[in-house]
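> The structure under discussion is supplied below as structure tokens; questions concerning it will follow.
There are 2 protein chains.
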Amino acid sequence: MALTGSPAGTEHLRRQNTGLVLRSLRVDGPATRTELARRTGLAKATVGSIVGELESGGAVTENGTASTTTVPSGRGRPGKPVTLTGEAILGLGLEVNVDYVAAVAIDLSGRVKVVETRPVATAGRPPSATELVELATDVRSSLIASGHTVVRATVAVPGLVAHDNRTVSWAPNLGWNGRELAAELEHAFAGGCPTTIDNDANCAALAEASHGVAVDVEDSLYLTGTIGIGAGIVQRGTLLRGGAGFAGEVGHMPIGDPTATCGCGRLGCWEASIGLRAMLTAVGMDEQATPLQTATAVADRAASDDSVRTALAALGGHLGRGIATLAAVLDPSAIVLGGYFVPLGEHVVPAAQQVLAERLPSADIHLPEIRLSTLGIHAAALGAAEHALADVFTGAVPL
Amino acid sequence: MALTGSPAGTEHLRRQNTGLVLRSLRVDGPATRTELARRTGLAKATVGSIVGELESGGAVTENGTASTTTVPSGRGRPGKPVTLTGEAILGLGLEVNVDYVAAVAIDLSGRVKVVETRPVATAGRPPSATELVELATDVRSSLIASGHTVVRATVAVPGLVAHDNRTVSWAPNLGWNGRELAAELEHAFAGGCPTTIDNDANCAALAEASHGVAVDVEDSLYLTGTIGIGAGIVQRGTLLRGGAGFAGEVGHMPIGDPTATCGCGRLGCWEASIGLRAMLTAVGMDEQATPLQTATAVADRAASDDSVRTALAALGGHLGRGIATLAAVLDPSAIVLGGYFVPLGEHVVPAAQQVLAERLPSADIHLPEIRLSTLGIHAAALGAAEHALADVFTGAVPL
DNA sequence: TGACTTAATTCAGGTGTCGTACTAAAACAG
DNA sequence: CTGTTTTAGTACGACACCTGAATTAAGTCA
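Those sequence lines, one after another, are chains A and B.
First residue of the first sequence? That's 1 in the numbering used here, and the numbers climb one at a time after it.
First residue of the second sequence? That's 1001 in the numbering used here, and the numbers climb one at a time after it.
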């Protein structure tokens, strides 16, 4: 246990309480100052001061008219509800992958302001970062031109990200090893914009926890599957990273069919049993343009073909065994399936849930729920944007 | 993601900075006020004020003489180093098990002040809590009589502990289900002493991270083995609990020999391959009074018996496979083996480490180290005591 | 129109941190 | 032996923040 923590001054206090107010507005919606004081436990005077600052900073607005949200309660002076608009304050989320780059910008209230995807021509060569940098600077410039401020940016990367959240340690799909991606982007952003990077599964997990099907729980596990399998772990509302930042690399756990050969050369890796390729050979079908299209085609076939359904159920069993392992270790309240599992949900989840119920040691006490992601292809970028704003809500960033 | 956080006033600030000073003194040793200011980043005046308070509270003392710790650097007025003595301020750690109860008290500097163990006569009946309560009140009374203050108490329990850290959800060995143990103890403590409970593996993990072989890392995994297998997970210096507090229940992960029958009735549980019973049948020996004695006898036999050595190496392989799984999920910097694995260390660790190196996806980048616990039988109680003091160091508790 | 009720702001008081100036205690130079 | 230099610790004023009570604002109801 090394030394942690930093000195705290009075302005740190203010930031913390500001974060508290912002979180309350986001989680429980608009409220009057008095109501906010009740929610947060702060004194009315303090809330008044904080709201005043936020208002002049453009983070919140007094909706003088549409006070229909809270019942006026009849008597007394009616309060003016304060709403988290924060249209001016944006978090920029970026995603880089082998065949596309994407950008999502959200404002403080969580509203998505911009979504943009650009294909990347991968002529066999490992992709450069130029497309990413171009997209990022383009989106940011146009946002700034329209009067917004981009407080932070985060990039979701398919690979291992170092613990400093600035370096790509190992991204075999991209061929980026030890790349200082955060510094590159910061250099490209005129005027400066603090930038971090994170694993794509981590970002998607964050997206599910903040906007998706895991909003109601504090501890969740996100599982994404395409050719490889990756996990993002949210514990107490924050991402679990591990000593080197490599937590959640669950694809090569020895689970499932012990004789299956994995792309990594070893035997018995989980993704050799439940990865896209394994699924395709099990159902006897071919790969299509994208994992999602492939999975949708398989789901269509399953509607008519019994053997496909049995193969998928068997895959669901392997999936459930791995989930049981993860659940025993992490005890999440909800497990979210993303990636190619989404179209196949109805065919794999029941089998997985059943295995989970059988295998979980504390099943009689506590059984986590398996849910399907609804966020679609931009989950990782959305989570990255959310991550970019996270420091605002904790109060680490001023305005 | 639900609403989290609480309002912060100025006195909260002081507690936080006090915690910072205390942690610095503990982690990096005694220091002068100026040195503390440099370490923590606080202003000299602030440190002076905080140290003054701590001194009058009995947490630290000015060792006027033994200033040999820091080199006087020649010139200038020599500083008076401040040492974390805190002899008056104690954390009480308790452990309850099927055949004994134990108590450990440590002071702020981490020095162990009291260790006491009492056997429990289990005449087949599930043990009551009377022995625990008696031991706890006895130890606490005598400490108070000798002028100490017991700030907090924590009980390590072999079983599932609810997320509130006050209720035993499920402890089959003790037959305690849904027992409000924390409340019972608080009721027994005259004058009141905030009490929490926690899983024994969690406590032992904390002990290793604060006093044992994992002091140098922030993320560690503790694995204890007797008849069952349990894990304690430390991430960023704090325990990982999970949504219901059941994280770390790794004994029944489907890993190892898939045909082995587990005590829980299922097939292929990890502890059916590496638990004490499995180990004994593998080496063909009988159980003795305690798991540690049993393991020591096996280790003795291994010195002369080749077949025992091979059996243990095979067990080490199963151990390694499970560790590889856990390491892939959690990415710990160190893995600590406790329980009956300690005497068998030289026979199982090499095989486990080899499997780990083979199976870990990021082996070329980052390979966690497997270490053997050195804390002995009182690890859980020591960790519980550490846990009891944790709130002092975070600043959540005044004095 | 006036009493009542509730929202929001103002104001004084307390606590905390910080930087500067000041005092204290040593080594060193002459 | 005295004065200078250097560093440790403290005293003090300025500033920021939170809080509770008093005050003002803005409605409803009789």
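We put the CB at the ideal spot given by N, CA and C, even for glycine.
Just the chain B side, please: which residues come within less than 7 Å of residue 8(A) by C-beta, in chain order?
The contacting residues are 1013, 1016, 1017.
> Measure the C-alpha to C-alpha separation of residue 170(A) and residue 203(A) and round it to an integer number of angstroms.
Using only the alpha carbons, I get a separation of about 17 Å.
> Tell me the residue span of the alpha helix (DSSP H) that contains residue 94(A).
Element bounds for residue 94(A): not the alpha helix (DSSP H) but the beta strand (DSSP E), 89 to 96.
> Say whether the segment 335 to 353 of chain A touches the segment 82 to 101 of chain A, bearing in mind that this needs 3 or more beta-carbon pairs closer than 8 Å, one atom from each stretch.
Output reads no: the segment 82 to 101 of chain A does not touch the segment 335 to 353 of chain A.
> Across the segment 368 to 379 of chain A and the segment 329 to 344 of chain A, are there enough close Cβ pairs to call them in contact, namely three or more that are closer than 8 Å?
The segment 368 to 379 of chain A, when compared against the segment 329 to 344 of chain A, does touch it at the 8 Å Cβ threshold.
> Going by the CB atoms, is the gap between residue 1283(B) and residue 1321(B) shorter than 9 Å?
No.
> Could you tell me the alpha carbon to alpha carbon distance between residue 22(A) and residue 96(A), rounded to whole angstroms?
Computed Cα separation, rounded: 30 Å.
> When the cut-off is 9 Å and only beta carbons count, does residue 68(A) lie next to chain B?
Confidence at residue 68(A) is low in this model, with a pLDDT of 44, below 50, so its placement is unreliable and no value can be given for it.
> What residues of chain B sit near residue 318(A), judged by a beta carbon separation below 7 Å?
The contacting residues do not exist; residue 318(A) stays about 10 Å from chain B at best.
> Any Cβ of chain A within less than 9 Å of the Cβ of residue 1235(B)?
Closer than 9 Å to some Cβ of chain A, the Cβ of residue 1235(B) qualifies, so yes.
> Among residues of its own chain, excluding the 5 on either side of residue 1351(B), which ones have a beta-carbon nearer than 7 Å to its beta-carbon?
So the list reads 1313, 1316, 1317, 1320, once near-sequence residues are dropped.
> Which residues in chain A sit within 8 Å of residue 964(B), going by Cβ to Cβ distance?
Only positions 1001 to 1399 of chain B appear in this structure, which leaves residue 964(B) out of reach.
> Compare the Cα-Cα distances from residue 377(A) to each of 118(A), 13(A), 9(A) and report the closest residue.
Residue 377(A) has its Cα closest to that of 118(A), out of 118(A), 13(A), 9(A).
> For residue 1321(B), which residues in chain A fall below 7 Å Cβ to Cβ?
Per Cβ cutoff of 7 Å: 254.
> Which residues in the same chain as residue 1218(B) place their Cβ atom closer than 6 Å to its Cβ, once the five residues preceding and following it in sequence are excluded?
Correct list, in chain order: 1236, 1237.
> What are the start and end residues of the alpha helix (DSSP H) that includes residue 299(A)?
That run of the alpha helix (DSSP H) goes 291 to 304.
> Do residue 1328(B) and residue 1359(B) have their C-beta atoms closer together than 9 Å?
It is a contact, given that the beta carbons lie within the stated cut-off.
> Identify which residue in 205(A), 243(A), 193(A), 216(A) has its Cα closest to the Cα of residue 1216(B).
Looking at the Cα atoms, 243(A) is the closest of the given residues.
> Report the rounded CA-to-CA distance for residue 241(A) versus residue 1142(B), giving the unit in angstroms.
Taking the straight line from one Cα to the other gives about 44 Å.
> Mind listing, in chain order, the continuous beta strand (DSSP E) runs of no fewer than 3 residues lying wholly within the segment 117 to 158 of chain A?
Listed in chain order, the complete beta strand (DSSP E) runs (minimum 3 residues) inside the segment 117 to 158 of chain A are 149 to 157.
> Could you pull out every residue in the same chain whose Cβ sits closer than 8 Å to the Cβ of residue 20(A), ignoring the five residues on either side in sequence?
These residues qualify, in order along the chain: 40, 42, 395.
> Cα separation between residue 1015(B) and residue 1059(B)?
For residue 1015(B) and residue 1059(B), the distance between alpha carbons rounds to 14 Å.
> So, using beta-carbon positions, are residue 248(A) and residue 230(A) closer together than 9 Å?
Against a cut-off of 9 Å, the Cβ pair of residue 230(A) and residue 248(A) comes out as a contact.
> How would you call residue 11(A), buried or exposed, if buried means at least 16 neighbouring beta carbons within 10 angstroms?
By the 10 Å Cβ count, residue 11(A) comes out exposed.
> Need the endpoints of the beta strand (DSSP E) that residue 1164(B) sits in, please.
From DSSP, residue 1164(B) is part of no beta strand (DSSP E); its letter is neither H nor E.
> Can you give me, in chain order, the residues of the segment 1037 to 1060 of chain B that have a beta carbon less than 7 Å from any beta carbon in chain A?
Listed in sequence order: 1040, 1041, 1042.
> Identify the residues that DSSP records as bridge partners of residue 1254(B): which are they?
Paired residues: 1269(B).
> Anyone know if the C-beta pair for residue 234(A) and residue 332(A) falls short of 9 Å?
Result yes, Cβ atoms of residue 234(A) and residue 332(A) sit closer than 9 Å.
> Answer with buried or exposed for residue 1293(B), where buried requires no fewer than 16 other C-beta atoms within 10 angstroms of its C-beta.
Exposed, because fewer than 16 other Cβ atoms sit within 10 Å of the Cβ of residue 1293(B).
> Does residue 1332(B) have its Cβ less than 9 Å from a Cβ in chain A?
Yes, contact with chain A.
> Could you confirm whether any beta carbon from chain B is found closer than 9 Å to the beta carbon of residue 371(A)?
It does not: the Cβ of residue 371(A) has no partner Cβ on chain B nearer than 9 Å.
> Who are the Cβ neighbours of residue 366(A) in its own chain at under 6 Å, not counting the five residues just before and after it?
Closer than 6 Å at the Cβ level, and outside the excluded window around residue 366(A), lies no residue.
> Can a CB atom of chain A be found closer than 9 Å to the CB of residue 1131(B)?
For residue 1131(B), the answer is no, since every Cβ of chain A falls outside 9 Å of its Cβ.
> Please go through the same chain and pick out, in chain order, the residues whose beta-carbon is closer than 6 Å to the beta-carbon of residue 25(A), but skip the five residues on each side of it.
84, listed in sequence order.
> Find out if the Cβ-Cβ distance for the pair residue 168(A), residue 179(A) is shorter than 9 Å.
Yes; because the gap between Cβ atoms is below 9 Å, this pair is in contact.
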